[in-house]
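Residue numbers (this note's numbering): 16 to 831. Ideal Cβ placement from N, Cα and C applies to all residues, glycine included. If you're wondering where the values come from, they're calculated on a predicted model, not measured in any experiment. A short write-up of the structure that comes next.
Put into structure tokens, the structure is as follows:
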């Protein structure tokens with residue numbers, strides 16, 4: 016809220032409101048539990064944000080301005096209460112109010128469950144972008160799905176990952192969400208296409224055989240220190256006729272609820288397992304349900320504001336966050352052609368100037384394709400439209416490259432080698448007016464390696480927007496001591512203008528400031544160590560290097576490279592009497608996709624290695640390994656401020672950007688990383704002396720592959736590496752179970768080391784030796800840490816959004 020509104024905050028009225036909400040929940044103040052008070056707090060605060068949400072929605076200036084509609088199947092928003100208090104400017108006032116009720120605000124905030132509506136970086140990025148859109152007051156609506164169960168809750172049983180459903184809303188619901196039945200939509204599936212004659216014209220009309228209601232729930236995205244609140248609109252699947260009374264009375268109880276069961280399954284879980292046909296169908300149904308409901312809502316808003324249909328691109332842009340919402344392109348075409356009776360050229364002119372697409376990956380297996388047969392069965396009209404889009408596109412290709420069959424095969428939306436598949440990324444590029452990668456290197460590789468033919472056909476369409484993170488959550492909220500220190504030195508405007516952090520660089524050599532800065536880091540390390548002691552019963556040395564790798568578990572992110580280094584340190588401590596190292600705690604936190612067996616094997620190996628090292632009295636405090644279970648946003652908020660070293664060690668050319676690298680650098684951690692993703696740009700900002708770069712770059716990877724890479728030769732030539740790998744085959748870490756860790760060994764030795772762990776190992780060890788040396792010089796380490804915080808202002812998601820606004824979306828901020 017604005018300072019004026021903060022002064023108007025009525026503490027007495029708010030306390031009364033909290034108690035009223037507590038009573039409505041069926042609890043008395045003298046017997047209520049912390050969770051009951053948290054729900055009352057959330058609901059009392061939500062009254063304020065809901066009124067601002069409705070006011071923003073009906074603001075005539077916003078209705079007449081251009082908006083961005085951010086379509087994403089994931090929004091990993093994290094807990095909302097604390098972050099919203101920061102944005103509303105009420106954190107201290109509410110802390111004071113609840114203390115007068117005999118409560119601690121921190122204790123209440125800990126009661127909130129993370130809304131686990133995302134899988135990893137892509138969903139977290141979407142959340143940061145919504146925060147930055149609202150903070151800078153650019154008209155926006157986020158569109159996602161209201162999953163009943165988010166990403167699974169992770170636990171470990173004897174070192175192995177266990178998955179359990181994550182019912183993030185719990186029985187009482189989530190206090191910040193607002194159901195909007197007046198905005199619901201009806202979404203169809205299956206059926207057939209009919210030909211309709213009308214006024215001498217022939218039209219095609221889809222007749223779905225299954226219809227499901229899309230019920231919207233709005234979560235408030237609160238603008239920083241303003242009255243602006245934009246919605247994150249999440250669609251829930253509901254049956255149109257949820258209960259068949261006749262069937263129930265006849266004793267057929269299952270059939271009586273069948274429609275409700277079918278509809279509810281649609282948004283039951285984030286990313287159903289698509290290793291089988293039923294899972295694939297459900298996944299595509301989710302994507303269409305999300306896209307169709309969102310397109311319908313966008314058109315509703317556009318027309319209700321009094322705008323002409325043909326003016327849609329002037330007032331709305333639709334950003335596709337990866338390929339998951341691609342089906343929105345043929346869906347908008349279907350509506351324009353079949354419902355509004357536009358001709359193809361006019362409809363395509365509107366649609367192709369409305370969509371923009373963000374590419375997040377260069378991994379071929381991550382570029383979505385869908386079976387033509389599945390789309391034709393589930394969405395018959397859309398398959399017809401995709402055929403027509405591709406037919407007309409192939410005419411463009413022919414005009415550019417006459418008789419070039421190879422070009423057509425590469426560019427075609429339909430891949431007809433083997434089972435005919437629809438390439439969603441190709442459809443995105445064809446149907447969008449702008450395509451962007453998410454880091455300078457990534458965007459260069461998209462143009463050079465992934466889509467070179469598209470770049471030649473549509474020069475200028477492929478652009479770059481380097482990712483960013485919101486400084487409100489990832490510094491001001493999660494690291495209050497560092498935030499206060501920064502504000503004391505440079506004022507309080509930096510959370511909205513992160514480039515101001517550069518002023519902190521002048522204190523990098525100030526010994527008094529270094530001490531205060533590192534004292535903050537020490538308290539954050541103590542906080543994390545306390546969590547580890549309480550939940551995992553591991554005692555940590557907080558003077559040790561806190562070495563952190565937190566991200567999704569995937570071979571290309573190379574957690575197993577980190578593991579091999581850990582094993583090598585352990586072996587050297589045991590076998591080399593003269594080996595000396597700074598004490599180190601290596602943290603992992605990651606979830607493996609349920610069907611990704613090797614990723615789960617790597618988790619198991621890390622846990623077994625950790626168990627052995629942590630219980631070996633010969634090692635003592637020199638080395639500890641901690642795998643924190645159930646990694647989530649609220650856990651990241653504890654880990655990131657405590658990190659000394661940020662592991663960003665993907666094979667060069669595989670990580671599109673990364674945002675964990677930005678978060679940890681912002682909080683004073685030093686990066687050890689390859690020349691991959693946004694590491695390249697972080698290096699440019701902080702300088703070579705304040706980052707630890709190792710390994711092959713993109714060209715080096717390519718050259719090694721061309722020469723014919725032989726991992727066996729590396730294995731036999733490096734005794735340290737060989738010993739570490741061999742220990743995965745014996746009983747060192749799995750007593751009585753030799754070979755239990757063989758899958759990790761085989762992933763590099765039996766599969767040709769696809770992500771070049773062995774090729775980069777020696778240089779990785781060299782970089783860690785440099786870290787070990789530098790950490791022992793407390794003053795120099797403090798200087799490097801301060802400069803990392805000071806020099807990464809570029810990586811604010813506010814800057815990312817301004818890049819989108821200026822180069823792609825063309826929006827104007829509407830101040831409220």
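Rounded to whole angstroms, the gap between the alpha carbons of residue 342 and residue 785 is 49 Å.
For residue 479, the pairing in a beta bridge is given by DSSP as 452. By the neighbour-count definition (other C-beta atoms within 10 Å, threshold 16), residue 589 is an exposed residue. Bridge pairing for residue 247: 157, 234 [DSSP]. Counting only runs of 3+ residues, the beta strand (DSSP E) found wholly inside the segment 470-547 occupies 477-479, in chain order. Assignment of residue 216 by DSSP, reduced to helix, strand and coil, places it in the strand class. For residue 685, the enclosing beta strand (DSSP E) has its first and last residue at 685-688. If only complete runs of 4 or more residues are kept, the segment 551-619 shows the alpha helix (DSSP H) at 574-590, in order along the chain. When rounded, the separation of the alpha-carbon atoms in residue 561 and residue 106 is 30 Å. One thing to note: residue 283 has its Cβ no nearer than 8 Å to the Cβ of residue 127. One alpha carbon belongs to residue 70, the other to residue 371, and they sit about 28 Å apart. From the listed residues 90, 83, 25, the smallest Cα separation to residue 59 is found for 25. The Cβ neighbour count for residue 594, taken over all protein chains shown within 10 Å, is under 16; the residue is labelled exposed.
Using a Cβ-Cβ distance cut-off of 8 Å, the segment 437-451 and the segment 366-381 are in contact, since at least three pairs of beta carbons, one from each stretch, lie closer than that value.
Taking every protein chain shown into account, the CB of residue 96 has 16 or more other CB atoms within 10 angstroms, so this residue is buried. Going by DSSP, residue 638 is part of the beta strand (DSSP E) stretching over 638-642. Residue 831 places its beta carbon less than 8 Å from that of residue 243.
Assignment of beta-bridge partners to residue 194 by DSSP yields 232. Proximity of the segment 294-310 to the segment 77-88 meets the contact definition, three or more beta-carbon pairs being nearer than 8 Å.
Inside the segment 121-158, DSSP marks whole alpha helix (DSSP H) runs of 4 or more residues at positions 136-150, from first to last along the chain. Around the beta carbon of residue 499, a 10 Å sphere encloses fewer than 16 other beta carbons of the protein chains shown; the residue is thus reported as exposed.
As the crow flies, the alpha-carbon of residue 40 is around 15 Å from that of residue 61. Taken through DSSP and simplified to helix, strand or coil, residue 384 comes out as strand. Spatial neighbours of residue 426 in its own chain (CB-CB distance under 6 Å, excluding positions within 5 residues in sequence) are listed in chain order as 412, 468.
For the pair residue 428 and residue 437, the CB atoms are nearer than the 8 Å cut-off. In the same chain as residue 716, and ignoring 5 residues on each side of it, the C-beta atoms closer than 8 Å to its own belong to 666, 667, 668, 771, in chain order. Using a Cβ-Cβ distance cut-off of 8 Å, the segment 293-303 and the segment 390-398 are in contact, since at least three pairs of beta carbons, one from each stretch, lie closer than that value.
Residue 814: member of the alpha helix (DSSP H) spanning 812-819, first to last residue. 443 is the residue among 315, 443, 402, 404 whose C-alpha sits nearest the C-alpha of residue 337. Going by C-alpha positions, residue 582 is about 37 Å away from residue 520.
For the beta strand (DSSP E) assignment, the uninterrupted runs of no fewer than 3 residues enclosed by the segment 656-687 are, from N- to C-terminal side, 660-663. In the three-state reduction of the DSSP assignment, residue 286 falls in the coil class, being assigned neither a helical nor a strand state.
At least 8 Å separates the beta-carbon of residue 237 from that of residue 220. Under DSSP, residue 317 forms no beta bridge with any residue. Cβ-Cβ distances below 7 Å link residue 807 to 677, 680, 681, 697, 700, 701 in the same chain, with the five nearest sequence neighbours on each side left out; the list follows chain order. Closest in C-alpha terms to residue 346, from the list 736, 709, 202, comes 202.
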